[in-house]
Structures are given as structure tokens and as C-alpha cells.
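**Q**
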Amino acid sequence: MARVIVDVMLKPEILDPQGRAVQGALGRLGLDGVRDVRQGKQFVIDIDGDLDADRRETLERLAGELLSNPVIEDYRMRVLADGESL
Amino acid sequence: MTARIGIVTFPGSLDDADAARAVRIAGGEPIALWHGDDDLRGVDAVVLPGGFSYGDYLRCGAIARFAPVMTSVVERAHAGMPVLGICNGFQILCESHLLPGALTRNDHLHFICRDQRLRIENADTDWTRNFDAHSEIVIPLKNGEGGYVADEATLDMLESEGRVIARYLGGNPNGSRREIAGICNERGNVVGLMPHPEHAVEDLTGPSTDGLGFFSSVLTSLLEGASR
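Just so you know, the protein sequences line up as chains A and B, in that order.
Position 20, counted from 1, in the first sequence is what our numbering calls 20; the numbers after and before it change by one each time, with no gaps.
To convert, take the position in the second sequence, counting from 1, and add 1000; that gives our numbering.
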């Protein structure tokens, strides 16, 4: 089995009101000096068998077409080695 | 000839019945279309209604974009068929790349539901030609993710090509760049609008009947197209 992680974040220039709300909450709950919070998504994808080049290419395409919207988001994809934790 | 206007129902669509009613009141024949079927049943135009298609999972409109019906809608839209996306439908049009930009979480994080004043900026599109340019209308606005964003170059292009078709008046309700409430494609047959004209077609239930103009406009466009 192969495990692939896709992290999706709003592009830096896109306002993130959710992150801003979390930033406010962190401050109210006693954490000083929070300069910025950005909220993103993480997809943990388990795939049967080996991740061959074809499937890796398909995943890469779908990370940009389905899992993220390139107009407002960036994604980063990585394959976890055996036994590596998230 | 009565124009056949298709209304697509996705799992989670809410405003398909109101959109069908608006088409009927305007004088068209509403035709129910189903997300899982790529057959457009010979319609002359399509409305993608508001709601929460596929539960808004992943991103609003992100999964609906890949529904079988959308393959046909995108193909026919490129060939000139009029398509109106309202609210969630606007989000689907952006995710389908029929329209540029994207819709993001309201800047104040609250769901908003109110009667909204708008200015019609472009009265030459297939869905706005029965309005007077620069006329002001009032129709309901209800969304959680209605903030229109695009990069500066795209916003400048939309402005210079007259593709901002409606703008919010009386304060920006959701953080949309340049108070944009609706845009169209280059040809003017595809229009995306965040507020809801289909809820403003009868005095009894709406704040006005201003919404009818969008539905009567497409009937005019189709009639003119047929006589050309």
C-alpha cells in the first residue's frame, strides 16, 4: 500500500477569514504574539499496491483539478515512505 | 414556439423549483434536467440553480462540475447556448472554467440573507438584455461563500470588456472584489450571478419582481436568435 498526502492551502494573496477568526480565538485564549493563521486542508490517500508512474501522474493531475482550485489554492503532494508518520 | 429552458437538479440543489416557476412566469417552458444524465433533452438554454450541490463538500461546485450533465452543458455553452448560474450555479460555472475567478467564504464569515440592491452594469448579455443599462434592482441575496475573487489582471479584463454584469449597491455584502455580484463570458451567453432573481418574480413572495428580467431576457435572446 502507498500513502499519499496532498496539502491544500489558499494562495497567500487570498483573504482567509477562517484563519483570521482562529487567530482571534488563539489570542483570546491566552496565546500572545500570533501574527497570522492560515487554514488549509489535508488529504490522506491510501492506494492499494505500488504507486506506479501512471497513477502518480493521474494523482498529480487530480490534485490540481479536483482537490484544489488553481485560481485560489496551491497544493503540495508527497508520498510517505513505509512506516513514516503524517 | 415556447422556449425550452432546462433547470438542472443536483443532489443538494434547493432553488430548482423556484427557477422553474420563474421560467414559467416569464413565459418559457421549464424542463427538468438531472445531474447524472448528459442528455439535455433538446433545451434552448440552461439554468444551474442555487443550493448546496453535493453538500458543498470539498469546495462549492467542485464536485458538481464533474457531473455527467455538465459535460453537455459546457460543450453547448461553448457553442453559444445561454447558461445562467445562480449562487451555487455561479460557483459551478467558475469551477467548470466557463467563467473566470472563484467564490470564497464571505469576509465576515456569516451566512447572509437579505434583499439586495444591485446595479445592472451590462444590459447586452443573453440574460440581461431586457433591463435598461445602469438600472437598479432589488432581489434576494443568500450565501455563505459569495465573495468573488480573481487576480487583478482578470478583474481589469472583466471591467474593460464590460463583463461585470451586476454590482452590489449600498455596501459590499460579502467581500467580493470590486463589489462584483455577477459576470459573463466573452460572448455574453454564460452569466453567473450570486443573488437570486428566481426569488423575485411575484409580488406575493418576493421583495420585487425585478428578477423576472433575467428570465424574460433569455426568451428575447432566443427569439432574436431564431429569427436571425
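Cβ atoms here follow ideal geometry from the backbone N, Cα and C, with glycine treated the same way.
#1: Measure the C-alpha to C-alpha separation of Ile-1165 (chain B) and Asp-50 (chain A) and round it to an integer number of angstroms.
#2: List, in chain order, every chain A residue whose beta-carbon is nearer than 9 Å to that of Arg-1163 (chain B).
#3: With a cut-off of 8 Å on the beta carbons, I'd call Arg-1065 (chain B) and Ser-1096 (chain B) a contact; round off their distance for me.
#4: For the candidate residues B:His-1078, B:Asn-1122, B:Asn-1143, B:Cys-1113, whose alpha-carbon lies nearest to that of Thr-1104 (chain B)?
#5: Could you name the residues of chain A that Ala-1026 (chain B) contacts, counting a contact when the two beta carbons are closer than 9 Å?
#6: Am I right that Gly-19 (chain A) and Gln-39 (chain A) are in contact with their C-beta atoms under 8 Å? What's the rounded C-beta distance?
#7: What separation, rounded to the nearest whole angstrom, lies between the Cα atoms of Asn-1130 (chain B) and Ala-1026 (chain B)?
#8: Listing by chain order, which chain B residues have their CB less than 8 Å from the CB of Ile-14 (chain A)?
#9: Determine the direct distance from the alpha carbon of Met-1081 (chain B) to that of Arg-1187 (chain B), and round the result to whole angstroms.
#10: Rounded to a whole number of angstroms, what is the C-alpha to C-alpha distance between Arg-1163 (chain B) and Glu-1202 (chain B)?
#11: Can you pull the chain B neighbours of Ala-88 (chain A), defined as C-beta to C-beta under 7 Å?
#12: Straight-line CA distance for Arg-81 (chain A) to Glu-60 (chain A)?
#13: In chain B, which residues lie less than 8 Å from Gln-18 (chain A) when you measure between Cβ atoms?
#14: Alpha carbons only, please: which of B:Ala-1017, B:Ile-1180, B:Ile-1112 is nearest the one belonging to Leu-1141 (chain B)?
#15: Taking Cys-1184 (chain B) as the reference, which of B:Asp-1124, B:Gly-1206, B:Arg-1177, B:Thr-1209 has the closest Cα?
#16: Taking Cβ-Cβ distances below 9 Å as the criterion, which residues of the stretch 1062-1093 of chain B are in contact with chain A?
#17: Where Asp-46 (chain A) and Leu-1058 (chain B) are concerned, what is the direct C-alpha to C-alpha distance, given to the nearest angstrom?
#18: Under 8 Å, do Ser-1208 (chain B) and Ile-1139 (chain B) count as touching if we go by C-beta distance?
#19: In whole angstroms, give me the CA-to-CA distance for Ala-1133 (chain B) and Glu-1121 (chain B).
#20: Would you mind reading off the limits of the beta strand (DSSP E) that contains Leu-80 (chain A)?
#21: Indicate whether at least one CB of chain A lies closer than 8 Å to the CB of Gly-1101 (chain B).
#22: Thinking C-beta only, is Phe-1052 (chain B) closer than 8 Å to Gly-1012 (chain B)?
#23: Is Ala-1067 (chain B) closer than 8 Å to Val-1190 (chain B) when the C-beta atoms are compared?
#24: In chain B, which residues lie with their C-beta within 8 Å of the C-beta of Ala-21 (chain A)?
#25: To the nearest angstrom, how far is it from the Cα of Asp-1037 (chain B) to the Cα of Ala-25 (chain A)?
**A** Well, looking at it:
#1: In the second sequence, residue 1165 (chain B) corresponds to position 165, counting from 1. In the first sequence, residue 50 (chain A) corresponds to position 50, counting from 1. For Ile-1165 (chain B) and Asp-50 (chain A), the distance between alpha carbons rounds to 50 Å.
#2: The count along the second sequence starts at 1 and reaches residue 1163 (chain B) at position 163. Here the premise fails: no neighbours, minimum Cβ distance about 16 Å.
#3: Here residue 1065 (chain B) corresponds to residue number 65 of the second sequence, with the count starting at 1. Here residue 1096 (chain B) corresponds to residue number 96 of the second sequence, with the count starting at 1. Confirmed, about 5 Å.
#4: Indexing the second sequence from 1 puts residue 1104 (chain B) at position 104. For Thr-1104 (chain B), the nearest C-alpha among the options comes from B:Asn-1143.
#5: Position 26 of the second sequence holds residue 1026 (chain B). Neighbours of Ala-1026 (chain B) on chain A: none; closest Cβ ~33 Å, over 9 Å.
#6: What you label residue 19 (chain A) is simply residue 19 of the first sequence in a count that begins at 1. What you label residue 39 (chain A) is simply residue 39 of the first sequence in a count that begins at 1. The pair is a contact, with the Cβ atoms about 4 Å apart (cut-off 8 Å).
#7: Taking the second sequence and counting its residues from 1, the one referred to as residue 1130 (chain B) is at position 130. Taking the second sequence and counting its residues from 1, the one referred to as residue 1026 (chain B) is at position 26. Cα to Cα, the separation comes out at about 12 Å.
#8: The residue you call residue 14 (chain A) lines up with position 14 of the first sequence. Neighbours of Ile-14 (chain A) in chain B, taken as residues whose beta carbon is under 8 Å from its own, are Thr-1104, Val-1149 in chain order.
#9: Counting from 1 along the second sequence, the entry for residue 1187 (chain B) is found at position 187. Counting from 1 along the second sequence, the entry for residue 1081 (chain B) is found at position 81. Distance between the alpha carbons of Arg-1187 (chain B) and Met-1081 (chain B) is about 10 Å.
#10: Position 163 of the second sequence, counted from the start, is the residue given in the question as residue 1163 (chain B). Position 202 of the second sequence, counted from the start, is the residue given in the question as residue 1202 (chain B). Spanning the two alpha carbons is a distance of roughly 28 Å.
#11: The structure shown has nothing for residue 88 (chain A), since chain A only spans 1 to 86.
#12: Position 81 of the first sequence, counted from the first residue, corresponds to residue 81 (chain A). Position 60 of the first sequence, counted from the first residue, corresponds to residue 60 (chain A). The identity of residue 81 (chain A) in the sequence shown is Ala, whereas the question assumes Arg. The straight-line gap from Cα to Cα measures roughly 17 Å.
#13: Here residue 18 (chain A) refers to the residue found at position 18 when the first sequence is read from its first residue. Under the 8 Å cutoff, chain B gives Arg-1105, Leu-1109.
#14: Mapped onto the second sequence, residue 1141 (chain B) falls at position 141. Looking at B:Ala-1017, B:Ile-1180, B:Ile-1112, the one whose alpha-carbon comes closest to that of Leu-1141 (chain B) is B:Ile-1112.
#15: In the second sequence, the residue the question calls residue 1184 (chain B) occupies position 184. Of B:Asp-1124, B:Gly-1206, B:Arg-1177, B:Thr-1209, the residue nearest in Cα terms is B:Asp-1124.
#16: Cβ contacts with chain A come from Ala-1062, Ile-1063, Arg-1065, Phe-1066.
#17: Translated into positions along the first sequence, residue 46 (chain A) becomes position 46. Translated into positions along the second sequence, residue 1058 (chain B) becomes position 58. The straight-line gap from Cα to Cα measures roughly 18 Å.
#18: Here the question's residue 1208 (chain B) lines up with position 208 in the second sequence. Here the question's residue 1139 (chain B) lines up with position 139 in the second sequence. Yes, the Cβ-Cβ distance between Ser-1208 (chain B) and Ile-1139 (chain B) is below 8 Å.
#19: Translated into the one-based positions of the second sequence, residue 1133 (chain B) becomes position 133. Translated into the one-based positions of the second sequence, residue 1121 (chain B) becomes position 121. Straight across, the Cα-Cα distance linking Ala-1133 (chain B) with Glu-1121 (chain B) is about 6 Å.
#20: As a working mapping, residue 80 (chain A) is identified with position 80 in the first sequence. Going by DSSP, Leu-80 (chain A) is part of the beta strand (DSSP E) stretching over 73-80.
#21: Along the second sequence, read from residue 1 onward, the residue named residue 1101 (chain B) stands at position 101. Closer than 8 Å: yes.
#22: Along the second sequence, read from residue 1 onward, the residue named residue 1012 (chain B) stands at position 12. Along the second sequence, read from residue 1 onward, the residue named residue 1052 (chain B) stands at position 52. Phe-1052 (chain B) is positioned such that its CB atom lies closer than 8 Å to that of Gly-1012 (chain B).
#23: Locating residue 1190 (chain B) in the second sequence gives position 190, where the first residue counts as 1. Locating residue 1067 (chain B) in the second sequence gives position 67, where the first residue counts as 1. Going by C-beta atoms, Val-1190 (chain B) is not nearer than 8 Å to Ala-1067 (chain B).
#24: Sequence index remark: in the first sequence, residue 21 (chain A) carries index 21 (1-based). Under the 8 Å cutoff, chain B gives Leu-1109.
#25: Reading the second sequence from its first residue, position 37 is the one you call residue 1037 (chain B). Reading the first sequence from its first residue, position 25 is the one you call residue 25 (chain A). The alpha-carbon of Asp-1037 (chain B) is positioned some 46 Å away from that of Ala-25 (chain A).
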